[in-house]
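What follows is a short report on a single structure.
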Ligand SMILES: Nc1ncnc2c1ncn2[C@@H]1O[C@H](COP(=O)(O)OP(=O)(O)O)[C@@H](O)[C@H]1O
Ligand SMILES: [Mg+2]
């Protein structure tokens, strides 16, 4: 990927906390203007990776580039990034308006300009009229929007979101998931989104990196990861599968059909006919796969 298309580049990054290697020689490139997701089980290193991109942690090894510029030695506020934290981290002693204005105040944006930008951003995230409330007077969904507004108001190049929906109930999570996607499309901004929820990742993302035990197991388009998982871990983690131990004796088509069963062969040829440039939504496809009781095949 060229510097114009790779907005965030993480190259051979390692981070250790004492004896724990949280992130282990991780490399990936996030396409510019994409909704990119780091997906993986709890403890696999997603937050640590995001915090290194933001500048809250320094990598022990490796490089991080944003927009073609190495940022390892740049402080948080000079990276062109903003972060939405998992617990929102709103300032409880400040009103909604002051929470959102905080970054502009630190950047010494003048009073009138600051007020205008705060009002515009509150309206943009659907919080018009709530500027004078305190965080404890808001619902979980509204607090989440304040956290997003506080990040967006400083007009970052890259928005980093750490499991921003995980504290919400299932229904609200689904609603805000759609809003997140619409927001990203409207802004055309690069989002790097962290989640442990496969369905959330598949339904939101243009690009996914699946992490496991501090490493990236596979990165690419959601349909690629869903239909062509490179490892057994991926096949199991990204969807509902039956894993059958088998020994490969021949790589011809007939052997592949024997390994997966005839239904899998039919499924594979049908998905090949679908143009990869216009893949169907993985979540829609998944329900069809479930209806026809067909399993996918890990290629690794
Ligand atoms: N500040 C820290 N000090 C010590 N260990 C940490 C720290 N942050 C994360 N870890 C450890 O690093 C590993 C990865 O953590 P984290 O990046 O938070 O995972 P995830 O976000 O995928 O759940 C875990 O084993 C965690 O306990
Ligand atoms: Mg985390």
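Numbering (the working numbering), first residue to last: 96 to 395.
Virtual Cβ for every residue (Gly too), placed ideally from N, Cα, C.
Exercise answer, beta-carbon shell around ligand 1 heavy atoms below 6 Å:
112, 115, 117, 135, 137, 138, 139, 140, 141, 142, 143
Buried versus exposed call for residue 293 [16 or more other C-beta atoms within 10 Å across all chains shown]
Against the chain shown, residue 293 aligns to sequence position 198. So residue 293 ends up on the buried side.
Take residue 249 as the anchor and find which of 233, 337, 199 has the nearest alpha-carbon.
In the chain shown, the residue the question calls residue 249 occupies position 154. Selected option, being the one with the closest Cα: 199.
To which residues of the same chain is residue 166 closer than 6 Å at the C-beta, ignoring the five residues directly before and after it?
Mapped onto the chain shown, residue 166 falls at position 71. Cβ neighbours of residue 166 beyond the five flanking positions: 159, 174.
Just reading off the alpha helix (DSSP H) that residue 126 is part of, what are its end residues?
Position 31 of the chain shown, counted from the start, is the residue given in the question as residue 126. Segment 115-126 is the beta strand (DSSP E) holding residue 126; no alpha helix (DSSP H) there.
Buried or exposed: which applies to residue 112, given that a residue is buried once 16 or more other Cβ atoms fall within 10 Å of its Cβ?
As a first step, residue 112 must be located in the chain shown, where it is residue number 17. Residue 112 is exposed by the Cβ-count criterion.
So what's residue 138 in DSSP terms, helix, strand or just coil?
The residue labelled residue 138 in the question sits at position 43 within the chain shown. Residue 138: coil per DSSP, three-state reduction.
For residue 156, which residues in the same chain have their Cβ closer than 6 Å to its Cβ, ignoring the five residues on either side in sequence?
Position 61 of the chain shown, counting from 1, holds the residue named residue 156. Excluding sequence neighbours, residue 156 sits near 109.
List the DSSP bridge partners of residue 110.
Along the chain shown, read from residue 1 onward, the residue named residue 110 stands at position 15. DSSP, once it has assigned bridges, lists 118 as partnering residue 110.
Among the candidates 333, 297, 295, 298, whose CA atom is the shortest distance from the CA of residue 312?
One-based indexing of the chain shown puts residue 312 at position 217. Of the candidates 333, 297, 295, 298, the one whose C-alpha sits nearest the C-alpha of residue 312 is 333.
Tell me whether residue 250, by its Cβ, gets closer than 7 Å to a heavy atom of ligand 2.
Working through the chain shown from its first residue, we reach residue 250 at position 155. Residue 250 Cβ: outside cutoff for every heavy atom of ligand 2.
With residue 241 and residue 251 assumed to form a contact (beta carbons below 8 Å), what rounded beta-carbon distance in angstroms separates them?
For the purposes of this step, residue 241 is taken as the residue at position 146 of the chain shown. For the purposes of this step, residue 251 is taken as the residue at position 156 of the chain shown. Residue 241 to residue 251, Cβ: 16 Å. No contact.
Using DSSP with H/G/I as helix, E/B as strand and the rest coil, what is residue 104?
In the chain shown, residue 104 corresponds to position 9, counting from 1. In the structure shown, residue 104 sits in a strand (DSSP, three-state: E or B).
Kindly indicate the opening and closing residues of the alpha helix (DSSP H) around residue 239.
Mapped onto the chain shown, residue 239 falls at position 144. It spans 235-247 - the alpha helix (DSSP H) in which residue 239 sits, taken as one unbroken run.
Name the one or two DSSP bridge partners that residue 310 has.
Along the chain shown, one-based indexing puts residue 310 at 215. 307.
Tell me the residue span of the beta strand (DSSP E) that contains residue 216.
By 1-based counting over the chain shown, the position of residue 216 is 121. Premise fails: residue 216 lies in the alpha helix (DSSP H), 206-219, not in any beta strand (DSSP E).
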